[in-house]
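These protein sequences, in sequence, are chains A and B.
Residues in the first sequence are numbered consecutively from 1, following this note's numbering.
Residues in the second sequence are numbered consecutively from 1, following this note's numbering.
Beta carbons: idealized from backbone N, C-alpha and C, even for Gly.
Step one of this worksheet: look at the structure below.
Protein chains: 2
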Amino acid sequence: MDTVLSLLLAPEGSPLRMIDVAKAAGVTRQTVYDHFSNRSEMLTAAIQHFGDQLDIDTRLAPSRAAPDGRSRLTAYTQAMLDFFPAIYPLKQSLMRMGPGDEEAKSAWEDRIHAMKEGCAAAVHALKSDGDLLDHLTEARATDLYFTLLSMDGWAHCVLENGWPEADYLAEMQRVTRLALVKP
Amino acid sequence: MDTVLSLLLAPEGSPLRMIDVAKAAGVTRQTVYDHFSNRSEMLTAAIQHFGDQLDIDTRLAPSRAAPDGRSRLTAYTQAMLDFFPAIYPLKQSLMRMGPGDEEAKSAWEDRIHAMKEGCAAAVHALKSDGDLLDHLTEARATDLYFTLLSMDGWAHCVLENGWPEADYLAEMQRVTRLALVKP
DNA sequence: GCAAAACCTTACATCGTGTCAATTGAAAAT
DNA sequence: ATTTTCAATTGACACGATGTAAGGTTTTGC
C-alpha cells in the first residue's frame with residue numbers, strides 16, 4: 001500500500017507496472033494480485049489511503065472555526081493552497097495513467113470534489129453575513145471560487161514559474177476577495 | 001489524419017487503438033504504420049493538424065486590433081473562451097492517453113502555451129497604458145491572467161455546472177479586470 | 001500442533017504495439 | 001506496351017503488460 005504510494009509519488013514518472021510494485025514491495029507479482037484483484041483496485045485503494053493519511057480535518061479546523069464569512073474564506077483559501085504541494089505529485093501520476101485506469105481517476109475526482117464542499121461552506125458563510133456580491137448566487141459563487149482555487153493554476157505559477165508560495169497565496173487571497181466579497 | 005481526429009474527438013472516449021484508426025480509415029493496420037512510424041507520431045500529427053485548422057489568426061485579430069490595453073484584455077479573454085468549446089474535447093481525449101503517449105501530450109502543451117503569448121501581449125499593452133496594477137510585474141500578471149483563463153475552470157462551470165457561456169464570459173471579464181487593471 | 005493466511009513458482013491466455021517479408025493492383029514514365 | 005514505382009494487403013511473428021490458474025512452501029495465530 002505504502003509502496004504503491006511511494007512509487008506513485010516518485011519523482012520519476014514511472015509507468016507503475018504491477019511488476020514494479022511487486023519488486024518494490026519485495027514480493028512477487030502474483031502476491032500483489034492476492035491483495036488487489038486488479039490494477040484499478042490497487043490504484044483506487046492507494047488513492048483512498050493517501051487521502052486518509054492527509055489529516056484533512058486538522059488542516060481545515062481553522063476554516064471551520066472562523067468567526068465570520070470573510071475570515072472563513074481567507075482561512076479556507078489558505079488551507080487549500082497548503083494542500084496543493086502534498087497533493088500535486090499524485091495528481092501528476094494519475095494524469096499519466098492510461099485508459100483502463102478510469103476508476104482510479106474517478107476516485108481522485110471524488111477526493112477533489114470533496115474540497116468543493118469547503119468552498120460551498122465558505123461561500124454560505126459569506127452569504128449569511130450579507131457579504132457575498134449581489135449578482136452571485138451561492139451556487140455560482142461556489143463554482144467560481146472553486147475555479148479560482150485551481151491546482152493547475154497553482155502549479156503553473158509556483159512550480160513552473162517559480163512564484164514563492166506566499167506570493168501566490170497573497171494573490172489568491174486578493175483575487176478571491178475581489179471576485180466574491182462586497183467591497 | 002482527419003480520421004484520427006474524428007476518433008479522438010468522438011463523444012465516446014475510445015481507447016483509440018491503431019486497429020480502430022485503420023478500420024475507420026478503411027485501410028489495414030499496417031497501412032497506418034506506413035504513414036506514421038508509431039502511435040505517438042500519429043497523435044502528434046493529429047494534434048498539429050487540429051491546431052492548424054483552427055484559424056487562430058482570424059480569431060485573434062480583434063484582440064490585436066484593440067486600441068488600448070483594457071480593450072485588448074477584454075478582446076483576448078473573449079477570444080480564449082471562444083476557443084474552449086472547440087478545444088476541450090481534444091484535451092479530454094489526450095488526458096485519457098496513457099504513458100508512451102507523452103510526446104502527444106507535449107505537443108498539446110506546446111499549443112496551449114502558445115496561448116500564453118497572447119496573455120503576455122495583452123498584459124504588456126496594459127502596462128504601456130499605465131493601467132496594470134502597480135504591485136504586479138508583467139511576468140507575474142501574465143502568469144496570473146493565464147491562470148485565471150483556465151480551461152478546466154471553464155469546463156467546471158460551463159460543462160459540469162451548466163453556466164451559460166455568456167455568464168461565464170461576463171464573470172471572467174469582471175474577475176480578470178479586477179485582478180489586473182487599476183480601478 | 002494445526003489451520004489459515006501469506007507467499008512463491010511456473011505456466012498460460014489475451015491483447016495491443018511494432019516489425020517483417022512476400023504479394024497484389026493500379027497508376028505513371030519512357 | 002511494358003516496366004517502374006508506390007500504396008495497400010496478407011499473414012506471420014516478437015515483445016511486453018495484464019490477468020488467471022494450480023500446486024507447493026513458509027509464516028503466523030490460536
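query: Endpoints, the alpha helix (DSSP H) within which Phe-36 (chain B) is located; result: Taken as a continuous stretch (DSSP letters only), Phe-36 (chain B) belongs to no alpha helix (DSSP H), as it is neither H nor E.
query: Candidates B:Ala-45, B:Leu-16, B:Glu-103 and B:Glu-117, of which the one nearest Thr-77 (chain B) by Cα; result: B:Glu-117
query: Host alpha helix (DSSP H) of Asp-110 (chain B) (start-end); result: 102-129
query: Reduced DSSP secondary structure (H/G/I, E/B, other) of Val-27 (chain B); result: coil
query: Alpha helix (DSSP H) segment containing Arg-177 (chain B), residue limits; result: 165-180
query: Burial state of Ile-19 (chain B) (16 or more Cβ within 10 Å); result: exposed
query: Same chain, Cβ closer than 8 Å to Phe-36 (chain B), five either side skipped, listed in chain order; result: Met-42 and Ala-45
query: Beta-bridge partners of Leu-132 (chain B), as assigned by DSSP; result: B:Val-181
query: For Ser-14 (chain A), the three-state DSSP class (helix, strand or coil); result: coil
query: Meets three-Cβ-pair contact criterion under 8 Å: the segment 164-176 of chain B and the segment 149-166 of chain A; result: no
query: Chain B contact for Cys-157 (chain A) (CB, 9 Å cutoff); result: yes
query: Boundaries (first-last residue) of the alpha helix (DSSP H) holding Pro-67 (chain A); result: It is not in any alpha helix (DSSP H) - Pro-67 (chain A) carries neither H nor E in the DSSP assignment.
query: Interface residues of chain B facing Pro-15 (chain A) [CB-CB closer than 7 Å]; result: Pro-99
query: Proximity of Ser-40 (chain A) and Ala-104 (chain A) at Cβ, strictly below 9 Å; result: yes
query: Thr-137 (chain A) - DSSP class collapsed to helix/strand/coil; result: coil
query: Closest residue to Glu-160 (chain B) among A:Pro-15, A:Phe-146 and A:Gly-100 (Cα-Cα distance); result: A:Phe-146
query: Whether Ala-179 (chain A) touches Leu-144 (chain A) by CB criterion (9 Å); result: yes
query: Residue from B:Arg-70, B:Arg-59 and B:Ala-66 with nearest C-alpha to Met-187 (chain B); result: Outside the displayed range of chain B (1 to 183) lies residue 187 (chain B), so it cannot be described from this structure.
query: Asp-2 (chain B) versus Thr-3 (chain A): straight-line alpha-carbon distance, rounded; result: 43 Å
query: Closest by C-alpha distance to Lys-182 (chain B), when choosing among B:Val-32, B:Asp-129 and B:Gly-162; result: B:Asp-129
query: Neighbour-count burial assignment, Met-95 (chain A), 16 or more Cβ in a 10 Å radius; result: exposed
query: Nearest neighbour of Arg-64 (chain B), chosen from B:Leu-133, B:Ala-166 and B:Cys-119 [CA to CA]; result: B:Cys-119
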